[in-house]
Amino acid sequence: WMARLGYATNDEGDAVGSYECGAAIITPLYVITAAHCSAEHVKLPLLEVRVGEHNTETDPDCVDTACAPPVQDIRVQDHICHLDYLGGEHFQHDICLLRLEEPITFNDFVQPICLPVFKKIIDHNFEGQYLEVAGWGRHNMGLDAMFGSTLLLSVKVPVRSNFFCNEKHRGETEIFSTQMCAGGEPGKDSCSGDSGGPLMTPYTIGSSTRYFLVGIVSMGPKQCGADPKPGVYTAVTKYIKWILDNIYE
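Counting from 1, position 139 in the sequence shown corresponds to residue 139 in full-length UniProt numbering; the numbering is continuous, with no gaps.
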């Protein structure tokens, strides 16, 4: 369900020049990401979504003679961002749906992540639990590390209370009930380039255990993993109605 967002090299560009954000597949025609990653809020046009990637330097990705299918690059038809997202230093309602021009082909390596639509998971308090965040963002704590990872990486980060988070981010930003915080441990954090990617967890409903999308990478300290401030995520459970209201097949 991991996806990368491809941006043009300039305002008139029709070719992808860079991948700056992550996203998660939720249906064959939709991925979900952060509003600050969308075409309305970045300087470059958002052209396409790439799925099926693991190592950015190889296509297809292979282990010995076993290979995954090639990546799928699909153009973005429309972006539906939350109308109350203001941009700038305001990260409340940092959520956006990207509708694709053609459906994603699912296979053993490309599948959607589950949305937390069940009351049991919507009401679940994840505070103190470790959830997983993944992406191709920077993995070096230094400010001089400009480039993201060539491999899809993941790390488990502890969910913090919003009270704790507000204390840590005091004077910089306010954390709202529609947001959640995770991280603050040395060397473990989402980072630049991971924005829009999923904060997720395996969860058992009935007899079935599946991965559910719990948060979307929104903002965090500049020195990822070196600063005791937790990262801030859009709490997906607070936006289920908005998501379902804005998806059409």
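For glycine and all other residues, C-beta sits at the position ideal for the given N, C-alpha and C.
Inset, instruction - Taking all protein chains shown into account, decide if Val157 is buried (16 or more other Cβ within 10 angstroms of its Cβ) or exposed. - result: Sequence index remark: in the sequence shown, residue 157 carries index 157 (1-based). Burial is judged here by how many other beta carbons sit within 10 angstroms of a residue's own beta carbon; Val157 has at least 16 and is buried.
Legend entry - Asp78 to Leu199 span [Cα, whole Å]: Within the sequence shown, the letter at position 78 stands for residue 78. Within the sequence shown, the letter at position 199 stands for residue 199. So the two alpha carbons sit approximately 24 Å from each other.
Legend entry - Lys43 to His90 span [Cα, whole Å]: On the sequence shown, position 43 is the one that residue 43 refers to. On the sequence shown, position 90 is the one that residue 90 refers to. So the alpha carbons of these two residues sit roughly 17 Å apart.
Legend entry - CA nearest to the CA of Lys241, picked from His82, Cys62, Ser149: To locate residue 241, count along the sequence shown from 1; it is residue 241. Taking each of His82, Cys62, Ser149 in turn and checking the Cα distance to Lys241, the smallest one comes out for His82.
Inset, instruction - Could I get the ranges of all uninterrupted beta strand (DSSP E) runs contained in the stretch 201-239, with 3 residues as the minimum, in chain order? - result: Unbroken beta strand (DSSP E) runs of no fewer than 3 residues, entirely contained in the stretch 201-239, are found at 208-219, 231-235, following chain order.
Inset, instruction - Indicate the three-state DSSP secondary structure (helix, strand or coil) for Lys156 in the structure shown. - result: Taking the sequence shown and counting its residues from 1, the one referred to as residue 156 is at position 156. In the three-state reduction of the DSSP assignment, Lys156 falls in the strand class.
Legend entry - Contact set for Thr9: own chain, Cβ-Cβ below 6 Å, skip 5 residues either direction: Along the sequence shown, read from residue 1 onward, the residue named residue 9 stands at position 9. So the list reads Gly17, once near-sequence residues are dropped.
Inset, instruction - Express the C-alpha separation of Leu244 and Ala24 in angstroms, rounding to a whole number. - result: Reading the sequence shown from its first residue, position 24 is the one you call residue 24. Reading the sequence shown from its first residue, position 244 is the one you call residue 244. So the alpha carbons of these two residues sit roughly 15 Å apart.
Legend entry - Closest by C-alpha distance to Tyr248, when choosing among Cys181, Leu100, Leu152, Val133: If you number the sequence shown from 1, residue 248 lands on position 248. Of the listed residues, the one whose Cα sits closest to Tyr248 is Leu100.
Legend entry - Length-filtered (4 minimum) alpha helix (DSSP H) runs lying within the stretch 26-92: Fully enclosed alpha helix (DSSP H) runs of 4 or longer: not present.
Inset, instruction - Measure the C-alpha to C-alpha separation of Gly220 and Gly231 and round it to an integer number of angstroms. - result: If you number the sequence shown from 1, residue 220 lands on position 220. If you number the sequence shown from 1, residue 231 lands on position 231. When only Cα atoms are considered, Gly220 and Gly231 end up about 4 Å apart.
Legend entry - Proximity to Thr33 [Cα-Cα], best of Val76, Gly128, Ser161: Here residue 33 is taken as the residue at index 33 of the sequence shown, counted from 1. Minimum Cα-Cα distance from Thr33 among the listed residues Val76, Gly128, Ser161 corresponds to Val76.
Inset, instruction - Please determine if the stretch 46-58 and the stretch 203-221 are in contact, where contact requires at least 3 C-beta pairs separated by less than 8 Å. - result: Note that the stretch 46-58 does not touch the stretch 203-221; fewer than 3 beta-carbon pairs, one per stretch, sit closer than 8 Å.
Legend entry - Of the residues Thr204, Gly183, Asn246, the one placed nearest Gly215, counting alpha carbons only: Counted from its first residue, the sequence shown places residue 215 at position 215. The candidate whose alpha carbon is nearest that of Gly215 is Gly183.
Legend entry - Per DSSP, cross-strand counterpart(s) of Arg170: Counting from one through the sequence shown, the residue named residue 170 turns up at place 170. Here Arg170 is not bridged, per DSSP, to any residue.
Inset, instruction - Identify every residue that forms a DSSP beta bridge with Ala24. - result: Along the sequence shown, one-based indexing puts residue 24 at 24. Answer by DSSP bridge pairing, in chain order: Met2, Ile32.
Legend entry - Secondary structure of Leu98, DSSP reduced to three states: Walking along the sequence shown from the start, residue 98 turns up at place 98. In the displayed model, Leu98 falls within a strand according to three-state DSSP.
Legend entry - Inter-residue Cα distance where the pair is Glu48 and Lys119: Along the sequence shown, one-based indexing puts residue 48 at 48. Along the sequence shown, one-based indexing puts residue 119 at 119. Each residue's alpha carbon lies about 34 Å from the other.
Inset, instruction - For Gly128, count neighbouring C-beta atoms within 10 Å of its own C-beta (all shown protein chains included) and say buried if the count is 16 or more, exposed if not. - result: As a position in the sequence shown, residue 128 is number 128, starting the count at 1. Residue environment: Gly128 is assigned as exposed (fewer than 16 neighbouring CB atoms within 10 Å of its CB, all protein chains considered).
Legend entry - For Asp64 and Ile175, the rounded distance between their alpha carbons: Numbered from its first residue, the sequence shown carries residue 175 at position 175. Numbered from its first residue, the sequence shown carries residue 64 at position 64. Roughly 47 Å separates the two Cα atoms.
Inset, instruction - Buried or exposed for Gly197, please, with buried defined as at least 16 other CB atoms from any protein chain shown within 10 angstroms of its CB. - result: On the sequence shown, residue 197 is found 197 positions in, with the first residue counted as 1. The residue is buried, with at least 16 neighbouring Cβ atoms inside 10 Å.
Inset, instruction - Please state whether DSSP places Leu199 in a helix, a strand or coil. - result: Residue numbering aside, residue 199 sits at position 199 when the sequence shown is read from its first letter. When secondary structure is reduced to three states using DSSP, Leu199 falls in the strand class.
Inset, instruction - Would you decide whether Glu172 is buried or exposed? Buried here means 16 or more other CB atoms lie within 10 Å of its CB. - result: To locate residue 172, count along the sequence shown from 1; it is residue 172. A residue is called buried when at least 16 other Cβ atoms come within 10 angstroms of its Cβ; Glu172 does not meet this threshold and is exposed.
Legend entry - DSSP-derived helix/strand/coil call for Asn162: Position 162 of the sequence shown holds residue 162. Note: Asn162 maps to helix in three-state DSSP.
Legend entry - Backbone CA spacing between Phe126 and His93 [nearest angstrom]: Position 126 of the sequence shown holds residue 126. Position 93 of the sequence shown holds residue 93. Distance between the alpha carbons of Phe126 and His93 is about 20 Å.
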